[in-house]
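> Quick one: structure below, then a few questions.
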Amino acid sequence: MRSQILPPVLCFLLAALCSSTPSYSAIKLVDFKAKESVNKGVKNTKAIENVLDISTIAAQSTPSIDTPEKSVLNAEGTTNTKLEKATFEANSYKNTEKNTSETAISKVDIIQPDKATTNLFLQGLFYGFTIMVILLNVVCFFLFEEKNYLLYSIALTTVAATILFSDNLFPFIGITGIENIGAMQTTLFLIATISSAAFASKFLSIEEFFPKVKWIAAALLSVALVTTFTSWISEASLFTGIANASLMAVLLLYFSAGVVLFSKKNYVKFYVIAFAIPMLFSFDYFVLKNLGIHFLFTESVHLKVATTIEMLIITYAVMYRMGAIKEEHVIRQTEMRIFLQRQEVINRSNTEKIMQDMYLENLIMQYDLDGLEIKLLQYISEGKDNAKIARKLKTTEPEIEELTKELYFKLDIGEQVKEDYRMVETQPDYIYN
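Positions -25 to -1, 1 to 408 (mature numbering (1 follows the signal peptide of the UniProt record, and there is no 0)) are the ones given, in order, by the sequence shown.
Structure representation (structure tokens):
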């Protein structure tokens, strides 16, 4: 049902974004039409000038009959005509020069796009794409009930807010009057780091492999929290530098854990690849730049490009991880069934019913299983799927998956399966031939 609902929802989001996003080709079309109107105006001005020149030449070439009375009038008229012509030519020259300069200025203003407008368009494009990815992760969370989607949408929202403040765009959303710029930026960076650390801990399964990492991260976040609060009071750049360094240490801690787990899990590789470049740019922008060290000369545009690539990779990685976890769960259940069948074959000398009861009693006594674990083991041995088991035990499928995982490690099934593989490998080949 969820796989049938997801494609229409995604298509609806893409259609809404495309319909509300301005097209850059439309801007070029407006510029082209403006150019055509300017060219037509220049051509019309030249045509009027040609008509005036032709009329002047025709007036000068018209023959006249001189009489004593007319000669005086012609002399006066000629003088007046010359004065009027000179005045007209002077005025027409000034007007032509003025119109030409105004036309050129307006033409330059129309043809050359405003740099600030173009920059604002690109910023709107980035933040619009970011909002689309956030909504996509929220929709996937409700469809698949995967917490990583929700955690990443929160982390991405806080990162976008930090970049929004770096672009000085808070007045566009009605937030003004911030005097301590450094403390505000560090505060946003603190919130973004906390949300990113929560996502990394869940995505990388840090609790399973490195349970002590969360305590180290908590200590570093405490230092960052204290120094950030102090920076609001003292307004000293030293405290913001210490806070930013502590926050980068938290991010590097989880990134290092991902590097260690790089070869163990395939979905971890996506995390390391996606966060490598943004981590480097963030270190240069938030730490080195505040200390006066210009290493990579990182600006907000570099953070935007790196964040865009990261959004695409991580969104796919969360879906890939979800499929990988499902496959691991299926493999665990299969190994548990094989383990139970092997135990039944070994103890099949007595009656089946007695041995089954004794076998379950031995498992209960040997591994100290509770009632819920016993029922779960029975249902798995019968081949029931998670949905049926969840209905019988009155719980949810994610809880069944978690209980199955705990029972798998509690019975030490993985080690016994490895022993079976080793036993098969040590057998001579003629036994199977």
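Even for Gly, the Cβ is constructed at its ideal location relative to N, Cα and C. Note that the structure is predicted; figures quoted are calculated from it, not measured.
1. Just verifying my parser: in three-state terms, what is the DSSP assignment at residue 157?
2. Pair every Cβ in the segment 165 to 175 with every Cβ in the segment 133 to 141, then say whether three or more of these pairs are closer than 8 Å.
3. Kindly indicate which residue of 97, 179, 214 has the alpha-carbon position closest to the one of residue 261.
4. At what residues does the alpha helix (DSSP H) containing residue 152 begin and finish?
5. By DSSP, does residue 270 sit in helix, in strand, or in coil?
6. In terms of residues, what are the limits of the alpha helix (DSSP H) holding residue 137?
7. So, with DSSP's three-state summary, where would you put residue 346?
8. What residues in its chain sit with their C-beta under 7 Å from that of residue 157, if we drop five residues either side in the sequence?
9. Per DSSP, what kind of secondary structure is residue 206 in: helix, strand or coil?
10. Short check: CB of residue 176 to CB of residue 189, under 9 Å?
11. Assuming residue 203 contacts residue 137 under a Cβ cut-off of 8 Å, what Cβ separation, rounded to an integer in Å, is found between them?
12. Does residue 266 pass the burial test, meaning 16 or more other C-beta atoms within 10 Å, or should it be called exposed?
13. By a C-beta neighbour count over all protein chains shown, 10 Å radius and 16 as the cutoff for buried, is residue 364 buried or exposed?
14. Can you tell me where the alpha helix (DSSP H) with residue 186 in it begins and where it stops?
15. Spatial neighbours of residue 367 within its chain, please: C-beta separation below 7 Å, excluding the five flanking residues on both sides.
16. My output table needs one value for residue 162: the three-state DSSP class, helix, strand or coil.
17. With contact counted as at least three CB pairs below 8 Å, one residue from each stretch, are the segment 233 to 253 and the segment 280 to 292 in contact?
18. Under DSSP, the alpha helix (DSSP H) around residue 219 begins and ends at which residues?
19. Assess, as a yes-or-no matter, whether the segment 272 to 280 is touched by the segment 219 to 236 under the definition of 3 or more beta carbon pairs within less than 8 Å.
20. Rounded to the nearest angstrom, how far is the Cβ of residue 112 from that of residue 127, given a contact under 8 Å?
21. May I ask which residues mark the beginning and end of the alpha helix (DSSP H) holding residue 383?
22. Run the CB neighbour count on residue 362, radius 10 Å, all protein chains shown included, and call it buried at 16 or more, exposed below.
23. Measure the alpha-carbon distance for residue 339 versus residue 118 and round it to whole angstroms.
24. Under 6 Å Cβ to Cβ from residue 304, same chain only, skipping five residues before and after it: list those, please.
25. Where residue 385 and residue 314 are concerned, what is the direct C-alpha to C-alpha distance, given to the nearest angstrom?
26. What's the C-alpha gap between residue 3 and residue 96?
27. Does DSSP put residue 360 in a helix, in a strand, or in coil?
28. Report all residues from its chain with a CB closer than 7 Å to the CB of residue 308; omit the five preceding and five following residues, and keep chain order.
29. Going by beta carbon distance, what residues of the same chain come within less than 7 Å of residue 37, once the five residues before and after it are set aside?
30. Sort 241, 121, 195, 210 by Cα distance to residue 222 and report the nearest one.
31. Within 10 Å of its beta-carbon, does residue 343 have 16 or more other beta-carbons around it, so buried, or fewer, so exposed?
32. Quick check: what's the CA-CA separation for residue 114 versus residue 359?
33. For residue 218, is the classification buried or exposed, using 16 other Cβ atoms within 10 angstroms of its Cβ as the cut-off for buried?
34. Using the beta-carbon count (16 or more within 10 Å), is residue 93 buried or exposed?
35. Please report the straight-line C-alpha distance between residue 107 and residue 155, rounded to a whole angstrom.
36. Please list, in chain order, all residues of the same chain as residue 199 whose beta carbon is under 6 Å from its beta carbon, the five residues on each side excluded.
Straight from the coordinates:
1. Stepping through the sequence shown from its first residue, residue 157 is reached at position 182. Helix at residue 157.
2. Two segments are said to touch when three or more pairs of C-beta atoms, one from each, lie closer than 8 Å; by this definition the segment 165 to 175 touches the segment 133 to 141.
3. Here the question's residue 261 lines up with position 286 in the sequence shown. Checked all of 97, 179, 214; the closest Cα to residue 261 is 214.
4. Within the sequence shown, residue 152 is the residue found at index 177, counting from 1. No alpha helix (DSSP H) contains residue 152, which DSSP labels as neither H nor E.
5. On the sequence shown, position 295 is the one that residue 270 refers to. Secondary structure at residue 270: coil, using DSSP grouped into helix, strand and coil.
6. For the purposes of this step, residue 137 is identified with residue 162 of the sequence shown, where counting begins at 1. In this chain, the alpha helix (DSSP H) harbouring residue 137 covers 122 to 141.
7. Indexing the sequence shown from 1 puts residue 346 at position 371. Of the three classes helix, strand and coil, the one that applies to residue 346 here is helix, per DSSP.
8. One-based indexing of the sequence shown puts residue 157 at position 182. These residues qualify, in order along the chain: 206, 212, 215.
9. Taking the sequence shown and counting its residues from 1, the one referred to as residue 206 is at position 231. Three-state DSSP puts residue 206 in a helix.
10. In the sequence shown, counting from the first residue as 1, residue 176 sits at position 201. In the sequence shown, counting from the first residue as 1, residue 189 sits at position 214. Yes, Cβ-Cβ distance for residue 176 and residue 189 is below 9 Å.
11. The count along the sequence shown starts at 1 and reaches residue 203 at position 228. The count along the sequence shown starts at 1 and reaches residue 137 at position 162. About 13 Å separates the Cβ atoms of residue 203 and residue 137, ruling out a contact at the 8 Å cut-off.
12. Counting from one through the sequence shown, the residue named residue 266 turns up at place 291. Residue burial is scored here from C-beta neighbours: residue 266 has fewer than 16 other C-beta atoms within 10 angstroms and is therefore classed as exposed.
13. Position 389 of the sequence shown, counted from the first residue, corresponds to residue 364. By the 16-neighbour rule on beta-carbons within 10 angstroms, residue 364 is buried.
14. On the sequence shown, residue 186 is found 211 positions in, with the first residue counted as 1. Careful: residue 186 lies outside any alpha helix (DSSP H) and carries neither H nor E.
15. Translated into positions along the sequence shown, residue 367 becomes position 392. Excluding the 5 residues flanking it on each side, residue 367 has same chain C-beta neighbours closer than 7 Å at 354, in chain order.
16. One-based indexing of the sequence shown puts residue 162 at position 187. In the structure shown, residue 162 sits in a helix (DSSP, three-state: H, G or I).
17. Here the segment 233 to 253 lies against the segment 280 to 292, with 3 or more beta-carbon pairs under 8 Å apart.
18. As a position in the sequence shown, residue 219 is number 244, starting the count at 1. Residue 219 -> alpha helix (DSSP H) spans 212 to 235.
19. Segments in contact, no.
20. The count along the sequence shown starts at 1 and reaches residue 112 at position 137. The count along the sequence shown starts at 1 and reaches residue 127 at position 152. A Cβ-Cβ separation of about 5 Å places residue 112 in contact with residue 127 under the 8 Å criterion.
21. As a working mapping, residue 383 is identified with position 408 in the sequence shown. DSSP places residue 383 inside the alpha helix (DSSP H), whose first and last residues are 372 to 385.
22. The residue you call residue 362 lines up with position 387 of the sequence shown. By the neighbour-count criterion, in which 16 or more other beta carbons inside 10 Å mark a residue as buried, residue 362 falls on the exposed side.
23. For the purposes of this step, residue 339 is identified with residue 364 of the sequence shown, where counting begins at 1. For the purposes of this step, residue 118 is identified with residue 143 of the sequence shown, where counting begins at 1. Residue 339 and residue 118: Cα-Cα distance of roughly 38 Å.
24. Residue mapping note: residue 304 aligns to position 329 of the sequence shown, counting from 1. These residues qualify, in order along the chain: 376.
25. Position 410 of the sequence shown holds residue 385. Position 339 of the sequence shown holds residue 314. Straight across, the Cα-Cα distance linking residue 385 with residue 314 is about 13 Å.
26. Working through the sequence shown from its first residue, we reach residue 3 at position 28. Working through the sequence shown from its first residue, we reach residue 96 at position 121. Residue placement at residue 3 is poorly supported in this model, since its pLDDT is 44, which falls under 50; the coordinates are not used for a value here.
27. Mapped onto the sequence shown, residue 360 falls at position 385. The answer is coil: DSSP assigns residue 360 none of H, G, I, E or B.
28. Here residue 308 corresponds to residue number 333 of the sequence shown, with the count starting at 1. Result list for residue 308: 355, 379, in chain order.
29. If you number the sequence shown from 1, residue 37 lands on position 62. Confidence in residue 37 is poor, its pLDDT being 43 and thus under 50, which makes the residue's placement too unreliable to answer from.
30. In the sequence shown, the residue the question calls residue 222 occupies position 247. Scanning 241, 121, 195, 210 for the CA closest to the CA of residue 222 turns up 195.
31. Mapped onto the sequence shown, residue 343 falls at position 368. In summary, residue 343 is exposed, with fewer than 16 beta-carbon neighbours lying within 10 Å of its beta-carbon over all protein chains present.
32. Reading the sequence shown from its first residue, position 139 is the one you call residue 114. Reading the sequence shown from its first residue, position 384 is the one you call residue 359. So the alpha carbons of these two residues sit roughly 30 Å apart.
33. As a first step, residue 218 must be located in the sequence shown, where it is residue number 243. It counts as buried.
34. Locating residue 93 in the sequence shown gives position 118, counting from the first residue. By the Cβ neighbour-count rule, residue 93 is exposed, with fewer than 16 other Cβ atoms within 10 Å of its own.
35. The count along the sequence shown starts at 1 and reaches residue 107 at position 132. The count along the sequence shown starts at 1 and reaches residue 155 at position 180. If you draw a straight line from the Cα of residue 107 to the Cα of residue 155, it comes to about 31 Å.
36. For the purposes of this step, residue 199 is taken as residue 224 along the sequence shown, with counting starting at 1. If we look at residue 199 and ignore the five residues flanking it on each side, its Cβ neighbours are 165, 218, 221, 222.
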